[in-house]
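Undergrad: Could you have a look at this structure, given as structure tokens, before my questions?
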Amino acid sequence: MMKKVKIILGIGISVFALLQFYRPEIPMPPVTKDFDGPKEIKQILRESCYDCHSNETQLKWFDQINPAYTLVREHVIKGRSFLNFSHWDSVNQNQRRILLFDALNTVKTFGTMPIHEYVLLHPRAELTPGKIALLEKYILSLDTGVPYDSTRKHITQDQKNNESGKVKATNAPNGIEFIPDYKNWRVISTSERFDHNSIRIIYANETAARAIDQGKNIPYPDGAILAKGVWERAADESGNALPGKFIHVEFMIKDSKKYASTKGWGWARWLGKDLKPFGKTKTFDNQCISCHSPVRKTDFTFTMPFRVTP
Amino acid sequence: MEHMKYLIISFTTLFIGSCSGDPKSSQKSYMNDQAEIAYAGVLPFDIRSAQLVGTMITEDERHAVLVWADSIAYSARVSHPRLTSPAANSNWLLLHWKQTDDPVWIGARIPGAYLYADHVQYDGKRFFYLRYNSRGERIDLTADEEQKTARLFSTIEYPDIP
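Those sequence lines, one after another, are chains A and B. With the numbering used here applied, the first sequence covers 6 to 315. With the numbering used here applied, the second sequence covers 5 to 166.
Quick look at the structure:
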């Protein structure tokens with residue numbers, strides 16, 4: 006028995022020792038432009054975010070030991086692809102605002118950042134309620150209000166164009182067909198996204214609407230479809246916000262068997278008035294799922310519909 | 005041994021009892037309760053089957069406004085781009101909610117408390133304005149309120165939608 010234990014231990018130690026020779030590089034490109042917000046905000050970001058979301062990653066001694074090193078490397082590469090404070094010049098003002106709001110939501114709304122295991126090993130990275138409040142105050146101050154859009158005067162001309170030429174949209178890369186009838190469905194909510202400077206209208210097909218009427222929309226039944234139209238926010242002369250330029254329309258189609266691998270939903274989006282399908286390959290919907298995963302408890306839906314009761 | 009037997013029976017019963025049940029009863033509701041349009045039966049037409057023709061967020065009071073048209077008003081929209089060039093006997097409903105912060109996303113505002121529905125009617129010559137409060141009670145508008153609703157209504161346009 007003791008001999009078996011010794012053999013297993015020996016193999017384990019050998020594998021562990023061999024793993025230390027597997028050390029793909031963690032790229033450290035130069036900082037082109039660092040985040041340029043207020044000093045206290047930058048300090049918080051440095052302590053809690055910069056290791057994975059900048060080119061100034063600082064590895065502790067325990068980060069250098071495999072398998073931890075491989076995991077850390079993956080997190081750093083992935084983290085930088087979503088948000089990199091060292092390339093702040095590669096994004097414009099609008100994009101910076103969107104990235105910061107997205108980050109704030111992962112921290113405060115969903116509590117998924119900073120990663121729990123990271124904070125356990127790097128206690129200074131913990132975002133206390135005080136630090137979160139400071140971040141929130143700063144990021145909310147980035148809302149620049151609704152831009153006045155004098156081109157809204159030409160919307161009526163666009164409407165005429167809409168009626169005369171119906172665009173034929175091609176299928177999404179995952180095979181989902183465009184559903185032109187969505188604009189005739191029941192409206193179940195609206196949203197003003199001041200982080201993205203957009204206005205959204207959310208529609209539900211008959212099956213989804215029935216589930217809402219019955220108060221049984223978690224989960225939505227198979228056959229339910231939700232559509233969301235997104236427009237730029239534009240102001241009129243009085244400062245009221247109205248839908249401006251059309252940005253895109255996206256769909257969630259419920260079929261728990263057909264779409265089992267994508268959380269029971271088929272995901273698709275079409276961009277612009279030309280209705281160009283979003284996504285390069287059929288796995289583009291991983292992006293949709295990544296954003297909707299924090300709301301898995303509400304069947305991956307953010308929208309809280311309002312009911313209409315006689 | 006007897007005690008063991010009864011212990012096993014009770015645990016088994018408890019286990020089966022906790023596992024059984026209609027799976028549908030685990031379905032839950034995820035609604036914006038404060039935005040519910042109660043007493044919708046008093047409104048001149050059913051917005052559940054009507055066509056949405058506009059939306060706006062008012063700058064002064066931060067109201068989320070959604071505008072629905074009945075079939076006559078909507079058909080006329082096709083030939084008249086602006087809502088204010090309608091056919092006779094057209095009806096619209098402008099529903100107002102107080103905006104509130106979206107609880108699941110910092111950076112978004114959604115309809116909060118449902119406030120009232122303004123009914124706009126066109127008889128072929130002039131517009132009439134009425135209000136239904138959140139309890140479904142009909143309210144006559146003051147001259148100022150009518151003017152405000154008329155101004156809002158004239159600003160609404162059909163969204164640019166393919």
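Every residue, glycine too, gets a C-beta built ideally from N, C-alpha and C. Just so it is clear, the structure is predicted and the values come from calculations on it, not from any experiment.
Tell me, please, whether the CB atom of A130(A) is closer than 7 Å to any CB atom in chain D?
TA: The chain labelled as chain D is not found among the protein chains of the depicted structure, namely A and B.
Undergrad: Who are the near neighbours of V124(A) in its chain, counting only those whose CB is closer than 6 Å to its CB and skipping five residues on each side?
TA: So the list reads A130, E131, once near-sequence residues are dropped.
Undergrad: Could you tell me whether the segment 191 to 204 of chain A touches the segment 111 to 120 of chain B, where touching means 3 or more Cβ pairs closer than 8 Å?
TA: Touching, yes.
Undergrad: Counting only beta-carbon separations shorter than 7 Å, does E40(B) have a partner in chain A?
TA: Chain A, which has a Cβ nearer than 7 Å to the Cβ of E40(B), makes this yes.
Undergrad: Helix, strand or coil: which one does DSSP assign to I82(A)?
TA: If DSSP states are grouped into helix, strand and coil, I82(A) belongs with the helices.
Undergrad: In terms of alpha-carbon separation, which member of T104(B), I51(B), P48(B) lies closest to E65(B)?
TA: Checking every option, the nearest Cα to that of E65(B) belongs to T104(B).
Undergrad: Among the residues of its own chain, which have a CB less than 6 Å from the CB of H80(A), if the five just before and after it don't count?
TA: Taken in chain order, the residues that qualify are C57.
Undergrad: In whole angstroms, what is the alpha-carbon distance linking T161(A) and I76(B)?
TA: At T161(A), the pLDDT of 45 sits below 50, so the modelled position is not reliable; the number obtained from the coordinates is stated separately. Each residue's Cα considered, the two are about 20 Å apart.
Undergrad: Given a cut-off of 7 Å on the beta-carbon distance, is the pair F251(A) and K278(A) in contact?
TA: Yes.
Undergrad: For E197(A), list the residues DSSP reports as bridge partners.
TA: DSSP, once it has assigned bridges, lists I204(A), R113(B) as partnering E197(A).
Undergrad: Taking 8 Å as the cut-off, does the segment 232 to 246 of chain A touch the segment 132 to 145 of chain A (at least 3 CB pairs, one atom from each stretch)?
TA: Because the criterion of three Cβ pairs below 8 Å is not met, the segment 132 to 145 of chain A and the segment 232 to 246 of chain A do not touch.
Undergrad: Examine the ligand ADP and report whether any of its heavy atoms sits within less than 6 Å of the Cβ of Y123(A).
TA: Judged by which ligands are present, the structure shown has none, so any question about the ligand ADP falls away.
Undergrad: Where does T4(B) land, buried or exposed, given buried means 16+ other C-beta within 10 angstroms?
TA: The question about residue 4(B) has no answer here: the residues shown for chain B are numbered 5 through 166.
Undergrad: Using the beta-carbon of each residue, which ones in chain A are nearer than 8 Å to V71(B)?
TA: Result: empty, since nearest Cβ-Cβ is about 10 Å, beyond 8 Å.
Undergrad: Between which two residues does the alpha helix (DSSP H) harbouring P134(A) extend?
TA: Taken as a continuous stretch (DSSP letters only), the alpha helix (DSSP H) holding P134(A) covers 134 to 145.
Undergrad: Under the rule that 16 or more other beta-carbon atoms within 10 Å means buried, what is N137(B), buried or exposed?
TA: By the 10 Å Cβ count, N137(B) comes out exposed.
Undergrad: Between the Cα of T146(B) and those of I51(B), I61(B), D122(B), spot the shortest distance and give me the residue it belongs to.
TA: The candidate whose alpha carbon is nearest that of T146(B) is D122(B).
Undergrad: What is the rounded straight-line gap between the Cα of V77(A) and the Cα of P29(A)?
TA: If I take the Cα positions, the gap works out to 11 Å.
Undergrad: Nearest CA to the CA of F67(A): which residue from G15(A), D41(A), H127(A)?
TA: The shortest Cα separation from F67(A) among G15(A), D41(A), H127(A) belongs to H127(A).
Undergrad: Check each residue of the segment 242 to 266 of chain A: if its Cβ is closer than 7 Å to any Cβ of chain B, include it; give the result in chain order.
TA: Listed in sequence order: S243, G244, N245, A246, L247, P248, K250, F251.
Undergrad: If the cut is a Cβ gap below 8 Å, which residues of chain A does Q4(B) touch?
TA: With chain B running from 5 to 166 in the structure shown, residue 4(B) is simply not present.
Undergrad: Could you tell me whether the Cβ of A68(B) comes closer than 7 Å to any Cβ of chain A?
TA: Answer yes: the Cβ-Cβ gap between A68(B) and chain A drops below 7 Å somewhere.
Undergrad: Could you give the first and the last residue of the continuous beta strand (DSSP E) run that contains I258(A)?
TA: Unbroken beta strand (DSSP E) run through I258(A): 246 to 259.
Undergrad: R301(A) by DSSP, collapsed to three states: which one?
TA: Note: R301(A) maps to helix in three-state DSSP.
Undergrad: Do the segment 58 to 65 of chain A and the segment 87 to 101 of chain A touch if we need at least three Cβ pairs shorter than 8 Å?
TA: Result yes; three or more Cβ-Cβ pairs closer than 8 Å.
Undergrad: So what does DSSP say about H121(A), is it helix, strand or coil?
TA: If DSSP states are grouped into helix, strand and coil, H121(A) belongs with the helices.
Undergrad: So, with DSSP's three-state summary, where would you put H58(A)?
TA: Here H58(A) sits in helix by DSSP.
Undergrad: Determine, using beta carbons only, whether W236(A) comes closer than 7 Å to chain B.
TA: At least one chain B Cβ lies under 7 Å of W236(A).
Undergrad: For D41(A) and E52(A), what's the separation of their Cα atoms in angstroms?
TA: So the two alpha carbons sit approximately 15 Å from each other.
Undergrad: Where are the beta strand (DSSP E) runs, 3 residues long or more, that stay fully inside the segment 55 to 91 of chain B, in chain order?
TA: Segments of the beta strand (DSSP E) lying fully in the segment 55 to 91 of chain B: 55 to 61, 67 to 73.
Undergrad: Output yes if chain A places a C-beta closer than 7 Å to the C-beta of S33(B); else output no.
TA: It does: the Cβ of S33(B) has a partner Cβ on chain A nearer than 7 Å.
Undergrad: Is the separation between the beta-carbon of A1(B) and that of P315(A) shorter than 7 Å?
TA: There is no way to answer for residue 1(B), as the model of chain B reaches only from 5 to 166.
Undergrad: Just how far apart, CA to CA, sit S33(B) and D148(B)?
TA: If you take the alpha carbons of S33(B) and D148(B), they lie about 40 Å apart.
Undergrad: CA-CA distance, S89(B) and R135(B)?
TA: So the two alpha carbons sit approximately 22 Å from each other.
Undergrad: In whole angstroms, give me the CA-to-CA distance for D26(B) and I18(A).
TA: Bear in mind that the predicted position of D26(B) carries a pLDDT of just 44, short of 50, making it unreliable; the figure below should be weighed with that in mind. Each residue's alpha carbon lies about 52 Å from the other.
Undergrad: Taking the continuous alpha helix (DSSP H) assigned at Q213(A), which residues delimit it?
TA: The sequence given here has Ala at residue 213(A), not Gln. Counting along the chain, the alpha helix (DSSP H) containing A213(A) begins and ends at 211 to 218.
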